[in-house]
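Enquirer: Numbering (UniProt numbering), first residue to last: 1 to 713.
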């Protein structure tokens with residue numbers, strides 16, 4: 001029988017279709033490029049015709065590709081999924097068997113089209129799926145919600161934000177040997193390593209009869225959402241060259257799944273469930289819960305093309321950041337200068353050097369609150385400016401920075417409290433586990449749903465920023481709260497509420513100080529996910545402050561966030577050679593330029609090079625802000641000991657930016673592919689560069705050299 005569709009929509013260049021099984025009531029979600037509709041194949045209905053199926057007795061239909069529900073959730077008390085799946089996945093549980101289609105409608109919300117699909121049970125429970133699209137978008141926003149319309153409490157133990165099935169519509173059966181999974185791993189100071197593995201390698205081939213379900217469930221527990229994986233997944237059908245992908249916006253525990261029981265592959269993701277993240281939530285009659293939002297896309301092309309679509313959806317939020325941010329100004333942060341020991345005199349000396357240099361923000365990092373017997377790492381939490389370091393007060397230091405034409409910024413790790421602080425010793429208003437304050441490496445975590453904690457932080461953080469005239473806030477976060485905290489429903493629900501409290505406090509800062517520029521940092525890049533990116537102007541890319549692998553990490557992150565939000569450090573020292581300074585500064589053109597180190601002591605020739613590259617950065621800001629990136633080169637497996645070379649070409653309608661780094665054992669000459677009739681405008685390189693048909697030839701100046709070139713028409 002041909003597959004039935006509840007509805008089919010062409011939105012931009014993507015076909016969105018909702019398969020519907022009238023017998024089970026299941027509704028699914030499938031995407032495919034509209035240009036390839038003619039190449040899509042009708043899936044086989046049954047495994048009948050396979051010799052090993054036909055010999056079996058009975059009249060079982062042996063379905064080959066049943067409809068996979070676009071809403072995936074599980075209620076406590078309902079049967080768990082069969083097919084040997086319990087412990088691996090909670091998808092397709094007995095809960096779904098009692099839900100039927102309740103309706104679908106297309107809604108116009110401002111300039112957006114929203115397709116809302118609802119399923120319901122006979123006792124009044126309703127789950128809703130919303131797919132949102134605006135003209136010009138290459139991807140879709142997706143969310144799911146669950147409402148208890150019954151007359152008694154119910155408890156959720158799994159709620160996915162999205163579920164996308166039908167992969168791949170370009171093969172009638174199980175597409176052997178052609179499906180690849182893309183993910184991005186992340187560890188401290190080495191964020192964003194791309195991983196591509198075949199479905200077969202992940203052991204996700206369908207079983208011969210479909211009697212067993214398989215899932216690759218991965219994710220992150222705690223409050224550092226990018227500590228092991230990025231909340232991203234994609235599946236590629238390599239024959240038509242089509243990718244399906246998703247990115248989740250959530251700063252707490254999350255999961256993604258690549259699921260297979262039948263011919264097609266499904267991907268889903270959302271809150272970490274009871275099995276994976278110790279999460280359950282009781283909903284009282286009339287109560288609703290919405291899962292974290294996700295972004296999904298389908299594209300014919302490569303991984304770069306898919307990621308371009310997903311990251312472009314982050315533009316809308318960052319465009320709302322303060323006007324002072326819109327030309328991508330340069331940052332100076334004194335962390336790798338004073339290493340947690342700032343003072344009024346030290347800051348003034350640095351600011352004197354930075355005056356009229358093109359740098360706009362001057363950030364005072366950790367340590368400004370140190371008492372005589374404390375250190376920066378465990379002395380935070382009371383937030384009393386050090387009278388020793390700042391005898392005239394913090395306001396005087398901020399004023400001195402402004403007098404030199406710079407916007408002063410201040411570091412806080414506001415959500416945690418160090419063991420050497422008075423607040424820590426009081427032991428109140430913190431999240432707990434088993435009734436005991438969660439303590440990790442001399443840190444405790446404010447309960448951000450406790451009014452007393454919020455009042456305290458409002459006075460210590462927001463009031464101080466306002467009274468001292470700071471225009472920039474760096475929010476650091478140097479530990480994870482772990483799998484959860486005490487709550488009557490579950491520790492996972494306690495953690496979910498803590499994340500909501502985090503969002504509310506960031507929103508409170510924005511309401512009070514609308515022109516404040518906020519930087520998102522979590523031991524470098526542990527919070528590089530869309531919900532935190534949306535609440536901040538930029539993010540620290542990593543804690544790899546002055547390492548040779550910085551260009552590799554910075555280039556990786558073009559797949560996952562906008563370079564305009566990706567703050568990359570160049571730590572400079574008076575003894576650095578000009579080649580080393582170029583190498584360090586060139587990496588900052590892969591995102592937002594942030595300077596640190598011994599700036600005040602740089603020799604005149606070195607400082608002149610820095611100023612010239614700041615000037616080039618200002619010229620390149622438009623293409624950094626609105627361009628697309630492609631990466632070329634040959635690099636080895638090791639990042640800590642990189643070999644070969646890398647070039648990132650970022651292209652807009654009017655500019656091309658080429659950022660090239662040579663590592664150990666680099667060739668003497670490389671060819672960087674370029675398309676179009678571009679002309680060389682300006683550049684800084686340790687070697688020479690010339691344009692030829694099809695690209696740019698660069699003669700490298702040896703190992704660990706670099707160059708930056710800006711081209712126009």
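Where a beta carbon is used, it is the ideal one built from N, C-alpha and C, also for glycine.
Residue ranges of each alpha helix (DSSP H) run of no fewer than 4 residues wholly in the stretch 416-467, ordered along the chain?
Expert: 422-426 and 451-457
Enquirer: Count the other C-beta atoms from every protein chain shown that fall within 10 angstroms of the C-beta of residue 174, then say buried if there are 16 or more, exposed otherwise.
Expert: buried
Enquirer: Residue ranges of each alpha helix (DSSP H) run of no fewer than 4 residues wholly in the stretch 355-415, ordered along the chain?
Expert: Scanning the stretch 355-415 from its first residue to its last, the whole alpha helix (DSSP H) runs of 4-plus residues come out as 394-403.
Enquirer: Skipping 5 residues on each side, what residues in its chain have a beta carbon closer than 8 Å to that of residue 646?
Expert: Excluding positions up to five away in sequence, the list reads 551, 552, 555, 631, 632, 633, 635, 660, 661 and 663.
Enquirer: Taking the alpha-carbon positions, what's the residue 427 to residue 433 distance?
Expert: Going from the Cα of residue 427 to the Cα of residue 433 covers about 13 Å.
Enquirer: Count the C-beta pairs between the stretch 336-345 and the stretch 279-297 that are closer than 8 Å, then say yes if the count reaches three, no if not.
Expert: no
Enquirer: Count the other CB atoms, across all protein chains shown, that sit within 10 Å of the CB of residue 54; report buried if there are 16 or more and exposed otherwise.
Expert: exposed
Enquirer: Hey, residue 415 and residue 368 are a contact pair by Cβ (cut 8 Å); roughly how many whole angstroms apart?
Expert: Contact flag wrong, Cβ pair sits at about 18 Å.
Enquirer: Using a threshold of 7 Å, state whether the C-beta atoms of residue 683 and residue 701 are closer than that.
Expert: The answer is no: Cβ separation not under 7 Å.
Enquirer: Less than 8 Å between the CB atoms is what I'm expecting for residue 164 and residue 296, so what's the real figure, rounded?
Expert: 6 Å
Enquirer: Tell me where the alpha helix (DSSP H) around residue 37 begins and ends.
Expert: Where residue 37 is concerned, there is no enclosing alpha helix (DSSP H), given that its DSSP letter is neither H nor E.
Enquirer: Can you list, in chain order, the residues of its chain whose CB lies under 7 Å from that of residue 217, leaving out five sequence neighbours each side?
Expert: 88, 89, 255, 257 and 276
Enquirer: Is residue 80 helix, strand or coil when you go by DSSP?
Expert: coil
Enquirer: Judging by CA-CA distance, which residue of 71, 67 and 46 is the nearest neighbour of residue 60?
Expert: Nearest option by C-alpha distance: 46.
Enquirer: Following the continuous beta strand (DSSP E) through residue 655, name the residue where it begins and the one where it ends.
Expert: 655-662
Enquirer: Give the single residue among 71, 65, 97 and 66 whose Cα lies nearest to the Cα of residue 80.
Expert: 97
Enquirer: Roughly how many angstroms lie between the CA atoms of residue 63 and residue 129, to the nearest whole one?
Expert: 26 Å
Enquirer: Classify residue 339 as buried or exposed, calling it buried when 16 or more other Cβ atoms lie within 10 Å of its own Cβ.
Expert: With fewer than 16 other Cβ atoms within 10 Å, it is exposed.
Enquirer: Assess contact between the stretch 525-533 and the stretch 555-571, defined as three or more Cβ pairs (one per stretch) separated by less than 8 Å. Is contact present?
Expert: yes
Enquirer: With distances taken from CA atoms, which of 591, 573, 215 and 627 is nearest residue 610?
Expert: 573
Enquirer: Whole angstroms is fine: what's the gap from residue 410's alpha carbon to residue 470's?
Expert: Roughly 7 Å separates the two Cα atoms.
Enquirer: Within its chain, find whatever has a CB closer than 7 Å to the CB of residue 601; leave out the 5 residues flanking it on each side and keep chain order.
Expert: 574
Enquirer: Smallest Cα separation from residue 151: which of 443, 456, 517 and 124?
Expert: Of the listed residues, the one whose Cα sits closest to residue 151 is 124.
Enquirer: Quick one: give me the first and last residue of the beta strand (DSSP E) that residue 307 is part of.
Expert: No beta strand (DSSP E) holds residue 307; the alpha helix (DSSP H) holding it covers 303-312.
Enquirer: Taking DSSP as the reference, what is the three-state secondary structure of residue 45?
Expert: coil
Enquirer: Could you pull the DSSP bridge partners for residue 151 from this structure?
Expert: Residue pairing of residue 151 in beta bridges, as defined by DSSP: absent, with no partner found.
Enquirer: Is the stretch 22-35 touching the stretch 188-199, taking contact as three or more C-beta pairs under 8 Å?
Expert: no
Enquirer: Taking all protein chains shown into account, do 16 or more other C-beta atoms lie within 10 angstroms of the C-beta of residue 640, making it buried, or fewer, making it exposed?
Expert: exposed
Enquirer: Residue range of the alpha helix (DSSP H) that residue 90 falls in?
Expert: Counted as a single uninterrupted DSSP element, the stretch harbouring residue 90 is not any alpha helix (DSSP H), since DSSP gives it neither H nor E.
Enquirer: Helix, strand or coil for residue 623 per DSSP?
Expert: helix
Enquirer: Which of the three DSSP states, helix, strand or coil, is assigned to residue 713?
Expert: Residue 713 falls in the coil class under three-state DSSP.
Enquirer: Residue 658 and residue 695 - do their beta-carbons sit closer together than 7 Å?
Expert: Result no, Cβ atoms of residue 695 and residue 658 do not sit closer than 7 Å.
Enquirer: Tell me the DSSP bridge mates of residue 329?
Expert: Residue 329 is not bridged to any residue.
Enquirer: Between which two residues does the alpha helix (DSSP H) harbouring residue 315 extend?
Expert: 315-318
Enquirer: Run the CB neighbour count on residue 84, radius 10 Å, all protein chains shown included, and call it buried at 16 or more, exposed below.
Expert: exposed
Enquirer: Is it buried or exposed for residue 498, if we count other Cβ within 10 angstroms and need 16 for buried?
Expert: buried
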